[in-house]
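Q: First residue of the sequence shown: 1, per the UniProt record's numbering; consecutive thereafter. For each residue, glycine too, the CB sits at the ideal point set by N, CA and C. Being a predicted model, the structure only gives us computed values, none of them experimental. Below is a structure I'd like to ask you about.
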Amino acid sequence: MDWTKAKNILIVALLVTNLVLVLTYAFRDNSFSSTDEDVLKDTIELLESKNIYIETTIPSKHSRMPVLSVEYDKINQDLVDKQLEQQKALPKGERSDDNIVEMTKDFLERCGMLTENVTFESVERRGEQITVAYKNYFNDIAIEENYIIFSVYEGKIDQVQRFWVNPIETGKTKKEIIPAVDALIKFMSENEEDAKVYVEDISLVYWLDSESFDAESPVSDTAFPAWKITYNQGKIKYVMAYEQ
Numbered sequence: 001m002d003w004t005k006a007k008n009i010l011i012v013a014l015l016v017t018n019l020v021l022v023l024t025y026a027f028r029d030n031s032f033s034s035t036d037e038d039v040l041k042d043t044i045e046l047l048e049s050k051n052i053y054i055e056t057t058i059p060s061k062h063s064r065m066p067v068l069s070v071e072y073d074k075i076n077q078d079l080v081d082k083q084l085e086q087q088k089a090l091p092k093g094e095r096s097d098d099n100i101v102e103m104t105k106d107f108l109e110r111c112g113m114l115t116e117n118v119t120f121e122s123v124e125r126r127g128e129q130i131t132v133a134y135k136n137y138f139n140d141i142a143i144e145e146n147y148i149i150f151s152v153y154e155g156k157i158d159q160v161q162r163f164w165v166n167p168i169e170t171g172k173t174k175k176e177i178i179p180a181v182d183a184l185i186k187f188m189s190e191n192e193e194d195a196k197v198y199v200e201d202i203s204l205v206y207w208l209d210s211e212s213f214d215a216e217s218p219v220s221d222t223a224f225p226a227w228k229i230t231y232n233q234g235k236i237k238y239v240m241a242y243e244q
């Protein structure tokens, strides 16, 4: 065994553990004092020593959050296909971003999919091909890995992709959320990339593992609060936000 390497790993692990304890105490009241700002500065310096660079504002305040019970929602493919067949292309002079987005909203409404949780996300153009994306929000918090994506070509919708859950109810208990800086430290301790890491955003979301979804037997599930860390041009890491 390489005892020198093992010793270094142990030292780093102890430093991370101690820093997490300090951060948890420092941010317990969800506000910054001058001392807390020093802790934040030290945290950023530690991250940079591990080639992790923060290019966004680290959230300093957060509230207790409950879990969110959800139910998987299957698309009515027959209805979608019918609406696709019956649509008429927008005239060339009327294919602005606003009109394209409005067309997709009308489509969602006709298919019974335009609920209060459907939130416009983006519109992107690549020549004649236009992509319009929507996300799922509950109480202004994104439910991750939920999406509705429209492909629009020559003024007509030619494809609709959707993965969606419907919020049912929140848990009765609101639990303490770990500070964002704690999540970054956990991210650092689990990071296995040798290249430099540039954190572009960190935000609080609801998250559930969409890979476990079985299309043949849609069921209810539970979405948990998590810190979503976006880095290196769109890579994503989720850190569970409940205190362990």
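Mind checking which residues open and close the alpha helix (DSSP H) that includes residue 183?
A: From DSSP, the alpha helix (DSSP H) with residue 183 extends over 180-190.
Q: Please name the residue, chosen from 124, 221, 117, 201, that lies closest to residue 55 on a Cα-to-Cα basis.
A: For residue 55, the nearest C-alpha among the options comes from 201.
Q: Unbroken alpha helix (DSSP H) runs of length 4 or more, entirely within the segment 79-136: which are they?
A: The segment 79-136 contains these whole alpha helix (DSSP H) runs: 97-110.
Q: If contact is defined by three or more beta carbon pairs under 8 Å, each pair taking one atom from either stretch, is the segment 114-123 in contact with the segment 131-141?
A: Cβ pair count under 8 Å is three or more, so yes.
Q: Beta-carbon within less than 8 Å of residue 177's beta-carbon, same chain only, minus the 5 sequence neighbours each way: which residues are those?
A: Excluding residues within five positions, the ones whose Cβ falls inside 8 Å are 62, 63, 64, 65, 204, 225, 241, 242, 243.
Q: Within a Cβ cutoff of 6 Å, which residues of the same chain sit near residue 221, ignoring the five residues on either side of it in sequence?
A: 70, 208.
Q: Rounded to a whole number of angstroms, what is the C-alpha to C-alpha distance between residue 162 and residue 75?
A: C-alpha separation (whole angstroms): 7 Å.
Q: Can you tell me the Cα-Cα spacing of residue 22 and residue 118, whole angstroms?
A: Residue confidence is low: residue 22 scores 49 on pLDDT, short of 50, so the model does not pin down where it sits. Its coordinate-derived value is still stated next. Their backbone Cα atoms lie some 39 Å apart in a straight line.
Q: On the three-state DSSP scale, how would you describe residue 243?
A: Coil, per DSSP.
Q: List the DSSP bridge partners of residue 226.
A: Paired residue(s): 205, 240.
Q: Taking the beta carbon of residue 236 as the centre, do at least 16 other beta carbons fall within 10 Å, making it buried, or is it exposed?
A: Classification of residue 236: exposed, given that the 10 Å Cβ count is below 16.
Q: Alpha carbon to alpha carbon, how far is residue 219 from residue 230? Give it in angstroms, no decimals.
A: Those two C-alpha atoms are separated by around 29 Å.
Q: In or out: residue 115 buried (at least 16 other Cβ within 10 Å) or exposed?
A: By the 10 Å Cβ count, residue 115 comes out exposed.
Q: Taking 8 Å as the limit between beta carbons, can you name the residues of its chain near residue 183, skipping five residues before and five after?
A: Answer for residue 183: 202, 227, 229, 239, 241, listed in chain order.
Q: In this structure, how does DSSP classify residue 197 when only helix, strand and coil are distinguished?
A: Reduced to three states, the DSSP call for residue 197 is strand.
Q: For the pair the segment 150-164 and the segment 36-43, tell me if three or more CB-CB distances fall below 8 Å.
A: No, because fewer than three Cβ pairs between the segment 150-164 and the segment 36-43 fall closer than 8 Å, the two stretches do not touch.
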